[in-house]
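Chemist: Numbering (the numbering used here), first residue to last: 3 to 402. The beta-carbon is built from N, C-alpha and C at its ideal position, and this holds for glycine as well.
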Ligand code: AMP
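#1: Tell me whether residue 8 counts as near ligand 1, meaning its Cβ is closer than 8 Å to at least one heavy atom of that ligand.
#2: Under 8 Å by Cβ, that's how I've got residue 217 and residue 311 pegged, so tell me the actual separation to the nearest angstrom.
#3: Ends of the beta strand (DSSP E) at residue 210?
#4: When you measure from the CB of residue 338 to every non-hydrogen atom of ligand 1, does any distance come out below 8 Å?
#5: Helix, strand or coil, according to DSSP, for residue 37 in the structure here?
#6: So, helix, strand or coil for residue 168, using DSSP?
#7: Determine the contact status of residue 207 and residue 194, defining contact as a CB-CB distance below 9 Å.
#8: In whole angstroms, what separates the C-alpha of residue 129 from that of residue 74?
#9: Using the beta carbon as the reference atom, which residues fall closer than 7 Å to any heavy atom of ligand 1, ordered along the chain?
#10: Could you pull out every unbroken beta strand (DSSP E) segment of at least 3 residues lying fully inside the segment 63–136, listed in chain order?
#11: Do residue 80 and residue 102 have their C-beta atoms closer together than 9 Å?
#12: Specify the secondary structure class of residue 23 as computed by DSSP and reduced to three states.
#13: Could I get the ranges of all uninterrupted beta strand (DSSP E) runs contained in the segment 224–280, with 3 residues as the minimum, in chain order?
#14: Between the segment 154–163 and the segment 25–42, do at least 3 Cβ pairs fall closer than 8 Å?
#15: Do you know how far the Cα of residue 122 is from the Cα of residue 60?
#16: Measure the C-alpha to C-alpha separation of residue 303 and residue 45 and round it to an integer number of angstroms.
#17: Between the segment 337–352 and the segment 182–196, are three or more C-beta pairs nearer than 8 Å?
#18: Using DSSP's beta-bridge definition, name the partner residues of residue 59.
#19: Starting from residue 151, trace the beta strand (DSSP E) in both directions and tell me its first and last residue.
#20: Pairing CB atoms from the segment 243–251 with CB atoms from the segment 367–377, are three or more of them under 8 Å?
#21: So residue 338 packs on residue 286, CB below 8 Å; how close in whole Å?
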């Protein structure tokens, strides 16, 4: 049997996992993926092979998956029953690597302690990302664990891009723009030489439009600017997050409306964005199917902001050669792509309607000044690649 790498992506209510076989010349191939969803509410374990064959679909007793920690035990047990050998390493998605981590890292107690200091920077995500690492440390100390960060790909930004106009002492404390979705952007940057070799060395904007949304400016495959900043609240409007918001609005909610900080946090992460603006849904599919004018307004706002931020990022790049759509909305919604392209006509963007309808990959018309692509992202594969690369760089015999 081939050696394998396990990729884990733990959120507040789910643990996603994917197992990769390491083939000849270290080629990685997904064997299966799955998740425990509804942790703490109605937990369910599902997994399917790459060909779509269902491997498990089991409702779990609440007490067996009451939190990420206990749910992790269920994943481990199922993997133990399913695999004839343990994975040679586990790659974890960790949202925040702080100012220090510009690359994936082998996690030991010291690294874990550092990653815990970043919890205040990502209070909703970081604790869940770290829980399975800690739990595996306890139960499987021999297992090599590698943390891959959503912030790392952006650490090469010019310092100006990462600054806020606030006193220097706060920059020193880590109050700076980090950028997120880095694993997705890194995957796209690695894919461009194959799919769009003419764009790979150029100035490209990638729009990751999924349940979270952000955009990244790439110059020769490196991130130089991102619409997300200190937290994953900034930039584009998302399903339930507002995106760019005047800090004065937050002050108003805290003072004039006397909102408690915890309620405000919940409001900003879960009640705003397309959901708040439409009053209907956070799901672009539902909004597209709705005849309600509030749905149209929310989608108009969404595409308007994508177009606006394109100008912002093009200014950082001092030009623009290409534009890439990715993630759930970017990969699947020809209508949203068409609406964005329409707003970017002034830049010389023109889509080929047929290519757009069939999701590309190249969706711009031959006469378009900007080449536009749809490129499906694969953050799990990126994590598996990083994990394998770090594994291969480690001298053999070194303890994990
Ligand atoms: P992701 O976070 O990349 O998995 O993307 C999830 C989001 O993609 C969900 O919020 C869905 O609303 C959206 N999505 C998936 N399929 C479509 C589609 N065909 N049209 C519009 N949005 C879609």
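Modeler: Taking the structure as given:
#1: Counting from one through the chain shown, the residue named residue 8 turns up at place 6. Residue 8: no, Cβ never under 8 Å from ligand 1.
#2: Walking along the chain shown from the start, residue 217 turns up at place 215. Walking along the chain shown from the start, residue 311 turns up at place 309. Rounded, the Cβ-Cβ distance is 5 Å, consistent with contact.
#3: The count along the chain shown starts at 1 and reaches residue 210 at position 208. Taken as a continuous stretch (DSSP letters only), the beta strand (DSSP E) holding residue 210 covers 205–211.
#4: In the chain shown, the residue the question calls residue 338 occupies position 336. The answer is yes for residue 338.
#5: In the chain shown, counting from the first residue as 1, residue 37 sits at position 35. Here residue 37 sits in strand by DSSP.
#6: Sequence index remark: in the chain shown, residue 168 carries index 166 (1-based). DSSP places residue 168 in coil when its eight states are reduced to three.
#7: Locating residue 207 in the chain shown gives position 205, where the first residue counts as 1. Locating residue 194 in the chain shown gives position 192, where the first residue counts as 1. It is not a contact, given that the beta carbons lie outside the stated cut-off.
#8: On the chain shown, position 127 is the one that residue 129 refers to. On the chain shown, position 72 is the one that residue 74 refers to. Approximately 14 Å, taken between the alpha carbons.
#9: 212, 213, 214, 241, 284, 285, 286, 287, 290, 329, 330, 331, 334, 335 and 338
#10: As far as the segment 63–136 is concerned, its whole beta strand (DSSP E) runs of at least 3 residues are 91–96.
#11: In the chain shown, the residue the question calls residue 80 occupies position 78. In the chain shown, the residue the question calls residue 102 occupies position 100. In this structure, residue 80 keeps its C-beta atom at 9 Å or more from the C-beta atom of residue 102.
#12: As a first step, residue 23 must be located in the chain shown, where it is residue number 21. DSSP places residue 23 in strand when its eight states are reduced to three.
#13: As far as the segment 224–280 is concerned, its whole beta strand (DSSP E) runs of at least 3 residues are 224–228.
#14: Cβ pair count under 8 Å is below three, so no.
#15: As a working mapping, residue 60 is identified with position 58 in the chain shown. As a working mapping, residue 122 is identified with position 120 in the chain shown. Each residue's Cα considered, the two are about 35 Å apart.
#16: One-based indexing of the chain shown puts residue 303 at position 301. One-based indexing of the chain shown puts residue 45 at position 43. Roughly 35 Å between the two C-alpha positions.
#17: no
#18: Translated into the one-based positions of the chain shown, residue 59 becomes position 57. Looking at the DSSP assignment, residue 59 forms a beta bridge with 48.
#19: For the purposes of this step, residue 151 is taken as the residue at position 149 of the chain shown. Looking at the DSSP string, the run of the beta strand (DSSP E) that includes residue 151 is 147–151.
#20: Taking 8 Å as the limit for Cβ pairs, the verdict is that the segment 367–377 does not touch the segment 243–251.
#21: Residue mapping note: residue 338 aligns to position 336 of the chain shown, counting from 1. Residue mapping note: residue 286 aligns to position 284 of the chain shown, counting from 1. Confirmed, about 6 Å.
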